[in-house]
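Right, one structure below, let's go through it.
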Amino acid sequence: NNDYRLNSGGTSVIYHAPSGALTLPAWQALSSKDTASINADPQFVSTTNNHLNVTSPCLNAGRAYTPFTTDIDGDSRTVNTPDIGADEVLVDVACRAVFSPTGSYKVGDSIATSAAFKHVSGGYGASSYYVKMVITRGTTTLYTDSVSRTTSPGDSIVVNFAKFVPSVADTNYHATCTHTIVADVVPSNDTARSNFTVVPADVGVYGILAPVGQIWRDQPVHPKVVLRNNGAFPATFSARFTIDQGSALD
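Residues in the sequence shown are numbered from 62 upward in steps of one, following the working numbering.
And the structure:
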């Protein structure tokens, strides 16, 4: 399990006599070796810091090798799937809570979505990764949004995602927020969830107050009705009153 990579980005990463320069797939086919090796940018923290970033493809891509239980810094190696190279990334980023959506909303609301994260420990300096919000109704996924964030150990952040507009009333909505750090050493705090309800708008007409009975020709009348908001939220709407012409009064 190795990462064969040229700084120039070239693809012929292995030289084999007498075959010459080979790509990794060509070497794998020729030798039946390095079947789990990769050719990818290891994503060092910087040109002067050769620790791996939390998005490195080398994370968890190694194989167990019992003689080496610690990395170059003395950090413990992951037993079954260590990182490729001399560095073992041990990082913990927690999703603390889904701030929104929670509670109740009405159909058509533009719901701001947000969640809290904390870079608890690990990594070397700033780490960049993606955080994601998913909203489902029952088992159906309705919404997904992900954004990139950069944090250092000790940072607490609130991430705002794109707004969500529900179109169906239901009590079975769920929001789930997580991150994409595969090397996170405390997976139990990687995800936060919330449940919320979407209710329908319900405005009823409870009576016509005017006009009623007999109205004389040319008599001014101001139509008037009784409306009631039966829902749980304020409602903004248009009301229309229609009068159909029947038999003329003499």
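We treat Cβ as the ideally placed atom computed from N, Cα and C, and that holds for glycine. Note that this is a predicted model, so its numbers are computed, not measured.
For residue i, the nearest candidate out of the options (CA to CA)
i    : options                   : result
T205 : H77, V226 and F294        : V226
I269 : K285, V219, R254 and Q280 : K285
I218 : C156, G199, W277 and A253 : C156
K179 : G215, S165 and S98        : G215
N121 : V152, N110 and T163       : V152
F160 : A177, A147 and V150       : A177
F294 : P86, D263 and I276        : D263
D136 : G183, A230, T163 and T258 : G183
T258 : H283, T127, S207 and A230 : A230
V150 : T116, I276, Q280 and R124 : T116
P162 : W277, S107 and V220       : V220
Pairwise C-alpha distance: residue j and residue i
i    : j    : result
R289 : V266 : 7 Å
D245 : A300 : 55 Å
T84  : T72  : 5 Å
R66  : N100 : 5 Å
S249 : N110 : 30 Å
S165 : T303 : 35 Å
T197 : S80  : 54 Å
D148 : L91  : 30 Å
R210 : K224 : 18 Å
T130 : S93  : 28 Å
V181 : T202 : 30 Å
T200 : N114 : 34 Å
P128 : D134 : 16 Å
F298 : N291 : 14 Å
A340 : V154 : With the chain covering 62 to 311 only, the question about residue 340 has no answer from this structure.
D64  : C119 : 7 Å
Chain B within 8 Å of residue i, Cβ atoms only
i    : result
S182 : Among the chains of the structure shown, chain B does not appear; only one protein chain is present.
Expected contact under 8 Å - CB spacing of residue i and residue j to nearest Å
i    : j    : result
H112 : Y185 : 4 Å
Y190 : I145 : Wrong, their Cβ atoms sit about 19 Å apart, outside the cutoff.
S98  : N68  : So it is not a contact: roughly 18 Å between Cβ atoms.
T174 : F222 : 4 Å
K193 : S207 : 4 Å
Classification of residue i by the beta-carbon crowding that lies within 10 angstroms, buried from 16 upward
i    : result
N75  : The question names Asn, but residue 75 is Ile in the sequence shown. Classification for I75: buried.
S188 : buried
A309 : The predicted model places A309 with a pLDDT of 49, which falls under 50 and marks its position as unreliable; any figure quoted below should be read in that light. Under this definition A309 is an exposed residue.
P261 : exposed
Three-pair Cβ contact test at 8 Å for the region 136-149 versus the region 160-169: The region 136-149, when compared against the region 160-169, does not touch it at the 8 Å Cβ threshold.
Segment contact flag, the region 249-256 with the region 232-239, C-beta cutoff 8 Å, min 3 pairs: yes
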